[in-house]
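Each remark here refers to the structure printed beneath this line.
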Amino acid sequence: MDFLISAAHAQEGGAAGGGMIEFLIMIAIFFAIMYFLIIRPQSKRAKEHRAMVEALSKGDEIVTNGGLLAKITEVGENFVKADVADGVNVIIQRQSVAAVMPKGTMKDV
Numbered sequence: 024m025d026f027l028i029s030a031a032h033a034q035e036g037g038a039a040g041g042g043m044i045e046f047l048i049m050i051a052i053f054f055a056i057m058y059f060l061i062i063r064p065q066s067k068r069a070k071e072h073r074a075m076v077e078a079l080s081k082g083d084e085i086v087t088n089g090g091l092l093a094k095i096t097e098v099g100e101n102f103v104k105a106d107v108a109d110g111v112n113v114i115i116q117r118q119s120v121a122a123v124m125p126k127g128t129m130k131d132v
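For the working numbering, add 23 to where a residue sits in the sequence shown, where the first one is 1.
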């Protein structure tokens, strides 16, 4: 019955997996993507926040990480004293300042 069906012989193919060079290229591409999508933007935001915190001065209107809107009355090395309302002062850690608002924001509220 062998004469009706020819026997298929497997050809010898190339290597099943890629070489070490292809693997290293893929790893390098993966790290480049991680750098540009995650690491670089995060370090850029941290640098901008650090510059904003260093530039805080008396009279700036700020928003804290907790959502508190206040006007800075005194600036120290690690803390700022801020006026939340007439006669209501709070002491805030400098690193907890989330944003500096435009002048006159507190009058609108």
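From the three backbone atoms N, C-alpha and C, an ideal C-beta is built for every residue, glycine too.
Asked, Found
"For R63 and F54, the rounded distance between their alpha carbons", "12 Å"
"Short Cβ contact (8 Å threshold) for D106 with A93", "yes"
"Residues that M57 bridges to, as DSSP identifies them", "In the DSSP output, where bridge partners are listed per residue, M57 has none listed."
"Nearest-angstrom Cα separation, counted from R68 out to M57", "16 Å"
"Continuous alpha helix (DSSP H) stretch holding E136: start and end", "A question about residue 136 goes unanswered here, because the residues of the chain that appear run from 24 up to 132."
"Burial state of E45 (16 or more Cβ within 10 Å)", "exposed"
"Residue interval of the beta strand (DSSP E) (run including Q116)", "V111 to Q116"
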